[in-house]
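Participant: Protein sequence lines, in the order shown, are assigned to chains A, B, C and D.
Numbered according to this note's numbering, the first sequence spans residues 470 to 604.
Numbered according to this note's numbering, the second sequence spans residues 470 to 604.
Numbered according to this note's numbering, the third sequence spans residues 470 to 604.
Numbered according to this note's numbering, the fourth sequence spans residues 470 to 604.
Note that beta-carbon positions come from the ideal geometry of N, C-alpha and C, so glycine has one too.
Quick caveat, the model's predicted, so the values are computed rather than measured.
Quick one: structure below, then a few questions.
Number of protein chains: 4
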Amino acid sequence: MAESMLEYGRRMLSAQAFSVMVGAKLDAWSEGLAELSLELRPEHLQQHGIVHGGVIAYLADNALAFAGGSRLGDVVTLEFKINFIKPARGELLVARARVVSAGKSQAVCHCEVFAEEGADVTLCAAAQGTIWKAG
Amino acid sequence: MAESMLEYGRRMLSAQAFSVMVGAKLDAWSEGLAELSLELRPEHLQQHGIVHGGVIAYLADNALAFAGGSRLGDVVTLEFKINFIKPARGELLVARARVVSAGKSQAVCHCEVFAEEGADVTLCAAAQGTIWKAG
Amino acid sequence: MAESMLEYGRRMLSAQAFSVMVGAKLDAWSEGLAELSLELRPEHLQQHGIVHGGVIAYLADNALAFAGGSRLGDVVTLEFKINFIKPARGELLVARARVVSAGKSQAVCHCEVFAEEGADVTLCAAAQGTIWKAG
Amino acid sequence: MAESMLEYGRRMLSAQAFSVMVGAKLDAWSEGLAELSLELRPEHLQQHGIVHGGVIAYLADNALAFAGGSRLGDVVTLEFKINFIKPARGELLVARARVVSAGKSQAVCHCEVFAEEGADVTLCAAAQGTIWKAG
Chain A
470 MAESMLEYGR RMLSAQAFSV MVGAKLDAWS EGLAELSLEL RPEHLQQHGI VHGGVIAYLA
530 DNALAFAGGS RLGDVVTLEF KINFIKPARG ELLVARARVV SAGKSQAVCH CEVFAEEGAD
590 VTLCAAAQGT IWKAG
Chain B
470 MAESMLEYGR RMLSAQAFSV MVGAKLDAWS EGLAELSLEL RPEHLQQHGI VHGGVIAYLA
530 DNALAFAGGS RLGDVVTLEF KINFIKPARG ELLVARARVV SAGKSQAVCH CEVFAEEGAD
590 VTLCAAAQGT IWKAG
Chain C
470 MAESMLEYGR RMLSAQAFSV MVGAKLDAWS EGLAELSLEL RPEHLQQHGI VHGGVIAYLA
530 DNALAFAGGS RLGDVVTLEF KINFIKPARG ELLVARARVV SAGKSQAVCH CEVFAEEGAD
590 VTLCAAAQGT IWKAG
Chain D
470 MAESMLEYGR RMLSAQAFSV MVGAKLDAWS EGLAELSLEL RPEHLQQHGI VHGGVIAYLA
530 DNALAFAGGS RLGDVVTLEF KINFIKPARG ELLVARARVV SAGKSQAVCH CEVFAEEGAD
590 VTLCAAAQGT IWKAG
């Protein structure tokens, strides 16, 4: 049976040793969209007990690349910028990215990162990045 | 005996559980400058055997915050942007950040991230960010 | 009769000498949203006959600030980033900005810039910026 | 007699109608470096009597492109980010850009924008951008 796009994406993610260490999961991946999540553990935090900005940046970076990759195939992140909006705490970190525009070699993507704490969902960061077709 | 600025910085870094998991070290910290490094291990890589962009973004983010914090005290990263320039591979990843401008509440900082592979040193990424005085 | 929000915004824009020289108009301004436009003239172009990136960046910057200002009052643009996606040509340049998140002192905003050439509408640029309450 | 690099750059700038309207001059252009300036006039200001952010962004954008173009030839600005640091006022606005890294098709560049008011020189903005070889 053919491997689905989501299965293929999960296989790629599981080949990223860093993503395995951090604990990221690919929840959804389709044309122009990607959603990654992370069950928050103590090792994701910084000295004030909130999620380290580097974790949020990592998840946004990866979600941007998956979103862009859904349109371009094998890709690299050329650059991205991220705004940290609210402290992230709780059980789950979710990054949702979408393609704003895709051409032959370049996709410009947006990503929003949310923290879920019980029933509360907080927008923690917003990112914009440039994803480039590899090779 | 009084704790030096560098000792204080290392204590802060060691209180960041994520930084401990990733393995970052604070090599230098002085007025307007910060240098963080990372001995590269297999778990820092992505599927093509190079350092994951999220690791580079994490190290740049932290170096930017230390640089800004050297002028402002306790800080948060408001936002940053990072350009990935060359693939990072080798034994060591080094992020050097400096304050471009600091006011009462805001510091704008630059950071360059280098990978060291034997005698080769490669500029892998350049970042610019806004660090804000906390509280 | 009381001045409407849009009238007030147009008065502010007309007090910006640079905006008057460039020819920007405020088409819409409401809670969390702003739309600025520019009737394209030969002096907006660069050497290849398309709209100069500086014109697009100007319009995005202003739209981001109006969007943020709709939530925060008097504001300054702390920083922004812009991706140039497609060349801009035609009769009209339109920048639509919206607030992604607003707190007491900070708003993170997105902006898309479109060029209209006859019946064609092209997404030319996407921007993300940080707007700060003045004073 | 052969045209010098600086003369060629000035000819390119004078072919940008928008740059002519704004009044930008190319003061220096060499391998990896570019300096543009602007004699400040009332039409460069916004409603509070300081230089409009769009003017600063325009000058930075152009300086980044000239710097990158000094290494890559004919270029486009793929994206840039700019931090506004201090209000700009005075007689002259100067943007100095340099190439941080250049490959075959991409240059990452930094730019600092200064305002000169009498003997005072103020750093008003810092930018980082990606310049791409055209064609």
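1) Give me the residue from A/571, A/559, A/569 and A/473 with the minimum Cα distance to residue 509 of chain A.
2) Which complete beta strand (DSSP E) runs does the stretch 525-557 of chain B hold, if anything under 3 residues is left out?
3) Can a CB atom of chain C be found closer than 9 Å to the CB of residue 541 of chain B?
4) Rounded to whole angstroms, what's the CA-CA distance from residue 512 of chain C to residue 538 of chain C? Just pull it up for me.
5) From which residue to which residue does the alpha helix (DSSP H) around residue 563 of chain D run?
6) Taking 9 Å as the CB-CB limit, is residue 506 of chain D close to chain B?
7) Determine the contact status of residue 528 of chain A and residue 564 of chain A, defining contact as a CB-CB distance below 9 Å.
8) Scan the stretch 509-535 of chain B for residues whose Cβ lies nearer than 8 Å to a Cβ of chain D and list them as they occur along the chain.
9) Do you know how far the Cα of residue 604 of chain D is from the Cα of residue 516 of chain D?
10) Have a look at C/591, C/523, C/530 and C/525 and flag the residue whose alpha-carbon is nearest the alpha-carbon of residue 571 of chain A.
11) With the cut-off set at 9 Å, would you say residue 530 of chain B and residue 598 of chain A are in Cβ contact?
12) Are the stretch 542-557 of chain B and the stretch 536-553 of chain A in contact at 8 Å, needing three or more beta carbon pairs?
13) Assuming residue 482 of chain C is part of the alpha helix (DSSP H), what are its boundary residues?
14) At a Cβ threshold of 9 Å, is residue 546 of chain A touching chain B?
15) Check each residue of the stretch 477-494 of chain C: if its Cβ is closer than 8 Å to any Cβ of chain D, include it; give the result in chain order.
16) Can you tell me whether residue 472 of chain D is buried or exposed? The criterion is at least 16 other CB atoms within 10 Å of its CB, across all chains shown.
17) Touching or not, the stretch 491-507 of chain C and the stretch 500-507 of chain D, by the rule of three or more beta carbon pairs under 8 Å?
18) Give me the Cα-Cα distance between residue 486 of chain A and residue 587 of chain B, rounded to the nearest whole angstrom.
19) Do the CB positions of residue 526 of chain A and residue 583 of chain B come within less than 9 Å of each other?
20) Return the bridge partner residues of residue 579 of chain B from the DSSP annotation.
21) Closer than 6 Å by C-beta to residue 566 of chain C: which residues in its own chain qualify, once you throw out the five before and the five after it? Chain order, please.
22) What's the C-alpha gap between residue 479 of chain B and residue 492 of chain A?
23) Looking only at C-alpha atoms, which of C/482, C/562, C/488 and C/489 sits nearest to residue 519 of chain C?
24) Who pairs with residue 502 of chain A in a beta bridge, going by DSSP?
25) Is the CB-CB distance between residue 507 of chain D and residue 494 of chain D below 9 Å?
26) For the stretch 567-590 of chain B, which residues have a CB atom closer than 9 Å to at least one CB atom of chain D, in sequence order?
27) Give the single residue among B/568, B/488 and B/496 whose Cα lies nearest to the Cα of residue 541 of chain B.
28) With a threshold of 9 Å between beta-carbons, can residue 475 of chain A be considered close to chain C, or not?
29) Using beta-carbon positions only, say whether residue 600 of chain D and residue 576 of chain D come within less than 9 Å of one another.
30) Would you mind telling me which residues of chain C sit closer than 8 Å to residue 550 of chain B, beta carbon to beta carbon, in chain order?
31) Using a cut-off of 9 Å between C-beta atoms, extract the partners of residue 554 of chain A located in chain C.
32) Using a Cβ-Cβ cutoff of less than 7 Å, which residues in the same chain neighbour residue 585 of chain B once the five nearest sequence positions on both sides are dropped?
33) Rounding to the nearest angstrom, what Cα-Cα distance links residue 524 of chain D and residue 594 of chain D in this structure?
34) Between residue 592 of chain A and chain C, is the shortest Cβ-Cβ distance under 9 Å, so that the two count as touching?
35) Residue 482 of chain A: buried (16+ other C-beta within 10 angstroms of its C-beta) or exposed?
Facilitator: Taking the coordinates as given:
1) In terms of CA proximity to residue 509 of chain A, A/559 leads the group A/571, A/559, A/569 and A/473.
2) 544-553, all fully within the stretch 525-557 of chain B.
3) At a cut-off of 9 Å, the C-beta of residue 541 of chain B has no neighbouring C-beta in chain C.
4) Rounded to whole angstroms, residue 512 of chain C to residue 538 of chain C spans 29 Å at the Cα level.
5) Membership of residue 563 of chain D in any alpha helix (DSSP H) is not indicated; the residue belongs instead to the beta strand (DSSP E) covering 561-571.
6) At a cut-off of 9 Å between C-beta atoms, residue 506 of chain D does not count as an interface residue with respect to chain B.
7) Contact: yes.
8) So nothing in the stretch comes that close.
9) In a straight line, the C-alpha of residue 516 of chain D is about 40 Å away from that of residue 604 of chain D.
10) For the residues C/591, C/523, C/530 and C/525, the minimum Cα distance to residue 571 of chain A belongs to C/591.
11) A distance of 9 Å or more separates the beta carbons of residue 530 of chain B and residue 598 of chain A.
12) The stretch 542-557 of chain B makes contact with the stretch 536-553 of chain A: 3 or more CB pairs, one atom from each, lie closer than 8 Å.
13) In the DSSP annotation of this structure, the continuous segment of the alpha helix (DSSP H) that includes residue 482 of chain C starts and ends at 474-483.
14) Judged by the 9 Å Cβ criterion, residue 546 of chain A is in contact with chain B.
15) The residues in question are 481, 484, 485, 486, 487, 488, 489, 490 and 491.
16) When all chains shown are included, residue 472 of chain D counts as exposed.
17) Contact between the stretch 491-507 of chain C and the stretch 500-507 of chain D is absent, because fewer than three Cβ pairs lie under 8 Å.
18) Counting only the Cα atoms, residue 587 of chain B lies some 23 Å from residue 486 of chain A.
19) Cβ atoms of residue 526 of chain A and residue 583 of chain B: not closer than 9 Å.
20) In the DSSP output, where bridge partners are listed per residue, residue 579 of chain B has B/567 and B/597.
21) Contacts found: 503, 532, 533, 536, 578 and 580.
22) Cα-Cα distance, rounded: 26 Å.
23) Among C/482, C/562, C/488 and C/489, the Cα nearest to that of residue 519 of chain C belongs to C/562.
24) Beta bridge pairing from DSSP links residue 502 of chain A with A/499 and A/567.
25) Their beta carbons are under 9 Å apart, which means residue 507 of chain D touches residue 494 of chain D by this criterion.
26) Correct list: 569, 570, 572, 575, 577, 579 and 581.
27) Nearest Cα to residue 541 of chain B within the set B/568, B/488 and B/496: B/568.
28) For residue 475 of chain A, not one C-beta of chain C is nearer than 9 Å to its own C-beta.
29) The answer is yes: Cβ separation under 9 Å.
30) Here the neighbours are 550.
31) Ordered by position in chain C, the residues that pass the 9 Å Cβ test against residue 554 of chain A are 569, 570, 572, 575 and 577.
32) Excluding sequence neighbours, residue 585 of chain B sits near 559, 560, 561 and 563.
33) Rounded to whole angstroms, the gap between the alpha carbons of residue 524 of chain D and residue 594 of chain D is 11 Å.
34) Taking Cβ atoms only, chain C reaches closer than 9 Å to residue 592 of chain A, which makes this a yes.
35) So residue 482 of chain A counts as buried.
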